Amino acid sequence: MNWDKKDLLGIKGLSREDIILILDTAESFKEVSQREIKKVPTLRGKTIITLFYEPSTRTRTSFEIAAKRMSADTINISASTSSYVKGETLKDTAKNLESMMPDVIIIRHSMPGAPHMLARIMDASVINGGDGAHEHPTQALLDLFTMREKKGKIDGLNITIIGDIAHSRVARSNIFALKHFETKITCSGPPTMLPPYLEDLGVKVEYNIEKAVKNADVIMMLRIQKERGGISYIPSIKEYSTLYGLKASHLEKAKKDVIIMHPGPMNRGVEITDEVADGPCSVILDQVENGVAVRMATLFLLAGGDG
Amino acid sequence: MNWDKKDLLGIKGLSREDIILILDTAESFKEVSQREIKKVPTLRGKTIITLFYEPSTRTRTSFEIAAKRMSADTINISASTSSYVKGETLKDTAKNLESMMPDVIIIRHSMPGAPHMLARIMDASVINGGDGAHEHPTQALLDLFTMREKKGKIDGLNITIIGDIAHSRVARSNIFALKHFETKITCSGPPTMLPPYLEDLGVKVEYNIEKAVKNADVIMMLRIQKERGGISYIPSIKEYSTLYGLKASHLEKAKKDVIIMHPGPMNRGVEITDEVADGPCSVILDQVENGVAVRMATLFLLAGGDG
Amino acid sequence: MNWDKKDLLGIKGLSREDIILILDTAESFKEVSQREIKKVPTLRGKTIITLFYEPSTRTRTSFEIAAKRMSADTINISASTSSYVKGETLKDTAKNLESMMPDVIIIRHSMPGAPHMLARIMDASVINGGDGAHEHPTQALLDLFTMREKKGKIDGLNITIIGDIAHSRVARSNIFALKHFETKITCSGPPTMLPPYLEDLGVKVEYNIEKAVKNADVIMMLRIQKERGGISYIPSIKEYSTLYGLKASHLEKAKKDVIIMHPGPMNRGVEITDEVADGPCSVILDQVENGVAVRMATLFLLAGGDG
Numbered sequence: 001m002n003w004d005k006k007d008l009l010g011i012k013g014l015s016r017e018d019i020i021l022i023l024d025t026a027e028s029f030k031e032v033s034q035r036e037i038k039k040v041p042t043l044r045g046k047t048i049i050t051l052f053y054e055p056s057t058r059t060r061t062s063f064e065i066a067a068k069r070m071s072a073d074t075i076n077i078s079a080s081t082s083s084y085v086k087g088e089t090l091k092d093t094a095k096n097l098e099s100m101m102p103d104v105i106i107i108r109h110s111m112p113g114a115p116h117m118l119a120r121i122m123d124a125s126v127i128n129g130g131d132g133a134h135e136h137p138t139q140a141l142l143d144l145f146t147m148r149e150k151k152g153k154i155d156g157l158n159i160t161i162i163g164d165i166a167h168s169r170v171a172r173s174n175i176f177a178l179k180h181f182e183t184k185i186t187c188s189g190p191p192t193m194l195p196p197y198l199e200d201l202g203v204k205v206e207y208n209i210e211k212a213v214k215n216a217d218v219i220m221m222l223r224i225q226k227e228r229g230g231i232s233y234i235p236s237i238k239e240y241s242t243l244y245g246l247k248a249s250h251l252e253k254a255k256k257d258v259i260i261m262h263p264g265p266m267n268r269g270v271e272i273t274d275e276v277a278d279g280p281c282s283v284i285l286d287q288v289e290n291g292v293a294v295r296m297a298t299l300f301l302l303a304g305g306d307g
Numbered sequence: 001m002n003w004d005k006k007d008l009l010g011i012k013g014l015s016r017e018d019i020i021l022i023l024d025t026a027e028s029f030k031e032v033s034q035r036e037i038k039k040v041p042t043l044r045g046k047t048i049i050t051l052f053y054e055p056s057t058r059t060r061t062s063f064e065i066a067a068k069r070m071s072a073d074t075i076n077i078s079a080s081t082s083s084y085v086k087g088e089t090l091k092d093t094a095k096n097l098e099s100m101m102p103d104v105i106i107i108r109h110s111m112p113g114a115p116h117m118l119a120r121i122m123d124a125s126v127i128n129g130g131d132g133a134h135e136h137p138t139q140a141l142l143d144l145f146t147m148r149e150k151k152g153k154i155d156g157l158n159i160t161i162i163g164d165i166a167h168s169r170v171a172r173s174n175i176f177a178l179k180h181f182e183t184k185i186t187c188s189g190p191p192t193m194l195p196p197y198l199e200d201l202g203v204k205v206e207y208n209i210e211k212a213v214k215n216a217d218v219i220m221m222l223r224i225q226k227e228r229g230g231i232s233y234i235p236s237i238k239e240y241s242t243l244y245g246l247k248a249s250h251l252e253k254a255k256k257d258v259i260i261m262h263p264g265p266m267n268r269g270v271e272i273t274d275e276v277a278d279g280p281c282s283v284i285l286d287q288v289e290n291g292v293a294v295r296m297a298t299l300f301l302l303a304g305g306d307g
Numbered sequence: 001m002n003w004d005k006k007d008l009l010g011i012k013g014l015s016r017e018d019i020i021l022i023l024d025t026a027e028s029f030k031e032v033s034q035r036e037i038k039k040v041p042t043l044r045g046k047t048i049i050t051l052f053y054e055p056s057t058r059t060r061t062s063f064e065i066a067a068k069r070m071s072a073d074t075i076n077i078s079a080s081t082s083s084y085v086k087g088e089t090l091k092d093t094a095k096n097l098e099s100m101m102p103d104v105i106i107i108r109h110s111m112p113g114a115p116h117m118l119a120r121i122m123d124a125s126v127i128n129g130g131d132g133a134h135e136h137p138t139q140a141l142l143d144l145f146t147m148r149e150k151k152g153k154i155d156g157l158n159i160t161i162i163g164d165i166a167h168s169r170v171a172r173s174n175i176f177a178l179k180h181f182e183t184k185i186t187c188s189g190p191p192t193m194l195p196p197y198l199e200d201l202g203v204k205v206e207y208n209i210e211k212a213v214k215n216a217d218v219i220m221m222l223r224i225q226k227e228r229g230g231i232s233y234i235p236s237i238k239e240y241s242t243l244y245g246l247k248a249s250h251l252e253k254a255k256k257d258v259i260i261m262h263p264g265p266m267n268r269g270v271e272i273t274d275e276v277a278d279g280p281c282s283v284i285l286d287q288v289e290n291g292v293a294v295r296m297a298t299l300f301l302l303a304g305g306d307g
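Structure follows, in structure tokens:
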């Protein structure tokens, strides 16, 4: 099985084999970050640009560290310092960057489909680092990597996703990915946050969180996306927290060895209590560590194969 | 012919031979960016600082990529995060940076002459990355590089520059550079945008754009410098666009193999139509590509010669 | 004598031997920045993150240059682009960064004790790059390095510190460090800027600047910390400048070979006149140069010893 795609725009478009290839590749890269000398020459002489139109510590830093540990040159462009304050279109920005011969561009943009537009007009590989409420493929891949690492497999898992599914690119990308495996996915949250298409996707909808977490192998909490208007879909943060915040008592209904995931940044006391976030079932920081490995794998598959 | 200058502050001060040396050096570096492994060790162990007091994607990124492909260490400082919010003078900022032993500082500043002041007080090489409406030498050099590449020569060309000549550092630097060659330069634009000194420089002034583009080998469009108040010099964007925006019909009056240039970022539909910007005569993206090569050459001549 | 500490959180906690070890190590690194090829492989494959919640040119740039000259990978995170705009706690930000396996984190934060909190929860080494009015250890170390370099010793020196001692992390760290040596420290400034604990520390308080500078080997000026409210402690800048600004006439009262220090950025004409700042006694720019060496030493001792 070889990688043959130019871009990573979303989980949609990937096969089960593609996903497994990325996870297997990430596994081989994970130990690089655990070495004394965290550096391999794999992407020496490659130029990798992060083009972020939304603020981010985690994702940008994760990609930048992944790239540097593979010896690539990295260039960071953030919206606030970029030419688009002069009114340039995203398309022209992309065409201009392309002319500087980058190998990979990682774009985060509030507009769904922005990475796809870039991919069409660029020879460079494009990675979707999050496009509005649409997709965030590397997040889903690191989530699956973490499930597989902790559970030994993905097939057969009961996965419960709780929160603002409708406005979450993380949830969407995860659902698309998990549908390639024999998983049972349950989504929970207030009705205003559960999109109508879920049942068409074969995802179970369960408004009651107590029932939703029952027998779960994996509980994935989402953050209230205050910056994308999520807060207008619920009466109040307090009510949301009471009804849908994950508490220690919920874990008793799940499988004994349930793992708790969260893409971060967490709103502690809102969607998750400190007790759960910092408890023994939490694999939230493993997700972050695995994020670097998954991004190394992604960069390698897109930019390293033709070296 | 050897390079013997510490700085690159403007085209003023360069001889024809200096310019040709930079273009020839850039030619030898251009292929580095087309390799699989885009990296040469030329500037290993050199420290290159970009000090940008005005926003920029293109120029900062171009310099940073150029430096990294030559293995230099790069440090980015942008005004919004710099000490000058604490009231430090530019001179003190420069002296402080100097004490950290950089090899090259690239400065962009709204104040004409800022790079010259830095060059006087620093041992490091200073490159003017654009100083107000004064000069932008690497832009002019990449423009000449592109003309020479496309036309095989610079001598003998008819070059028409259209737009806000009076407030354009790009136009100024280009005129200074092109005067070293046997070129016929015509400037066009509304009277308020054409400075009185043009005819003294031997540049033809032609208010009518139809006449200005006649027989042109090169048409160089300038952007309306909204951020430097350019907009107050014209009644309206719409009128400007009607009278001075470049349209496909204009190209018929020029030479058959005319090339269209623009320093970017473009205001599409204002100074240039999509049809022209994206048409077969446009070399706008070649300019960007050549920008990296010209900046590699500049950095090499300033910092690499004494290695 | 070997280094055995994970972090550099403050001068408090360092022994005289620790300080001398850092200064000696810095001495051996200083010449790296004076070479043609300013690069040693000492920290190759190490990941160093600067996490700055307050603006800074000097300190961030100094650390970044130090790290790059030792071949480390550097990642810059500034508050304005970080996840904390999404409401993440500093602790969670730290835990997340930790999961990406950095070797050293340099944090600047307005909250005293922020670096100590990070150090407790992270395996990575933490360097305090300035925490509120608390400590700024690398600044004090570069100050001592400069004194030792210029005077051949630290023991026996008369050191006068003038300005807003109460709100200055630089003054605090310097006093802690200098107390390990047989120095005579005098502090001067308006009563509102001199904290009551000074005499307990064995520091002489002298409100009259003329008397304070008498026989000084070293005069260290502090900046008015406008951004930390310093200005409310004095009637006016003009009065402050008249009473406590350092002028050439003051130097006549000090030792003949007195050196003048300032941590920068300077408010010229407020706490120091141009004549003094740029005069022959000033070692202000030496401090900046030595800052890179001291930071290389610090990074080496924290991250290089286990390589």
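Protein chains in written order, with our numbering: chain E, 1 to 307; chain R, 1 to 307; chain D, 1 to 307.
Quick reminder that beta carbons are idealized off the backbone N, C-alpha and C, glycines included.
Since the model is a prediction, treat every value here as computed from it, not as a measurement.
### Query
Would residue 105/R count as contacting chain D if we go by Cβ distances under 8 Å?
no
### Query
Among 266/D, 63/D and 186/D, which has the Cα closest to the Cα of residue 51/D?
Closest by alpha carbon: 63/D.
### Task
List the endpoints of the continuous alpha helix (DSSP H) containing residue 61/D.
58-69
#### Entry: residue 289/E: contacting residues in chain D (beta-carbon distance under 8 Å)
Going along chain D in sequence order, the residues near residue 289/E (Cβ under 8 Å) are 99, 100 and 101.
### Message
Three or more C-beta pairs under 8 Å: does that hold for the segment 203-211 of chain R against the segment 254-263 of chain R?
### Response
no
### Query
Just how far apart, CA to CA, sit residue 255/E and residue 282/E?
14 Å
### Query
Between residue 166/E and residue 13/E, what straight-line distance do the alpha-carbon atoms span, to the nearest angstrom?
Answer to the nearest angstrom: the Cα atoms are 20 Å apart.
### Query
Cβ atoms of residue 303/D and residue 326/D: under 8 Å apart, would you say?
Since the first residue shown for chain D is 1 and the last is 307, residue 326/D is missing from the structure and cannot be characterised.
### Message
For residue 33/D, which residues in the same chain have their Cβ closer than 6 Å to its Cβ, ignoring the five residues on either side in sequence?
### Response
292
### Message
I need the DSSP call for residue 186/R, collapsed to helix, strand or coil.
### Response
strand
### Query
According to DSSP, is residue 210/R helix, strand or coil?
helix
#### Entry: Neighbourhood of residue 83/D by C-beta distance below 7 Å, restricted to the same chain and skipping five residues each side
Confidence at residue 83/D is low in this model, with a pLDDT of 48, below 50, so the placement of that residue should be treated as unreliable; the coordinate-derived value is given next. For residue 83/D, where only same-chain residues beyond five positions count, the Cβ hits under 7 Å are 93.
### Query
If the cut is a Cβ gap below 8 Å, which residues of chain E does residue 266/R touch?
88 and 92
### Query
Quick one: does residue 45/R have its CB under 8 Å from some CB of chain D?
yes
### Message
So, at 8 Å on beta carbons, what are the nonlocal neighbours of residue 275/E in its own chain, with the 5 sequence-adjacent residues on each side left out?
### Response
Excluding residues within five positions, the ones whose Cβ falls inside 8 Å are 247 and 248.
### Message
With H, G and I counted as helix, E and B as strand and the rest as coil, what does DSSP make of residue 155/E?
### Response
coil
### Query
If you draw a straight line from the C-alpha of residue 29/D to the C-alpha of residue 20/E, how long is it?
47 Å
#### Entry: Contacts of residue 150/D in chain R (Cβ-Cβ under 7 Å)
Correct list: empty, because the minimum Cβ distance to chain R is about 15 Å.
### Message
Counting only C-beta atoms, is residue 61/E closer than 8 Å to chain D at any point?
### Response
yes
### Message
Quick check on residue 285/E - is its C-beta less than 8 Å from some C-beta in chain D?
### Response
yes
### Query
Counting along the chain, where does the beta strand (DSSP E) carrying residue 126/D start and finish?
125-131
### Query
Between the beta-carbon of residue 224/R and the beta-carbon of residue 174/R, is there less than 8 Å?
Pairing residue 224/R with residue 174/R gives a Cβ-Cβ distance that is not under 8 Å.
### Task
Could you confirm whether any beta carbon from chain C is found closer than 8 Å to the beta carbon of residue 123/R?
Of the protein chains in this structure, namely E, R and D, none is chain C.
### Message
Is the beta carbon of residue 48/E closer than 8 Å to that of residue 104/E?
### Response
yes
### Message
From the DSSP secondary-structure annotation, give me the bridge partner or partners of residue 135/E.
### Response
131/E
#### Entry: C-beta contact flag for residue 65/D and residue 44/R at 8 Å
Not a contact, by the Cβ cut-off of 8 Å.
### Message
To the nearest angstrom, how far is the alpha carbon of residue 198/E from that of residue 143/E?
### Response
20 Å
### Task
Reducing DSSP to helix, strand and coil, say where residue 8/D ends up.
strand
#### Entry: chain E within 8 Å of residue 96/D, Cβ atoms only
Proximity of residue 96/D to chain E, defined by a Cβ-Cβ separation below 8 Å, is satisfied.
### Query
For residue 246/D, which of helix, strand or coil comes out of DSSP?
strand
### Query
If we ignore side chains and look at the alpha-carbon of each, how far apart do residue 53/D and residue 181/E end up?
Spanning the two alpha carbons is a distance of roughly 43 Å.
### Message
Using 8 Å as the threshold, is the C-beta distance between residue 88/D and residue 122/D below it?
### Response
no
### Query
Quick one: does residue 164/R have its CB under 8 Å from some CB of chain D?
Contact of residue 164/R with chain D is not assigned, every C-beta pair being separated by 8 Å or more.
#### Entry: Separation of residue 299/R from residue 58/E, as counted between CA atoms
33 Å
### Task
Classify residue 268/E as helix, strand or coil using the three-state DSSP reduction.
Three-state result, residue 268/E: strand.
### Query
Helix or strand or just coil, what does DSSP make of residue 72/E?
coil
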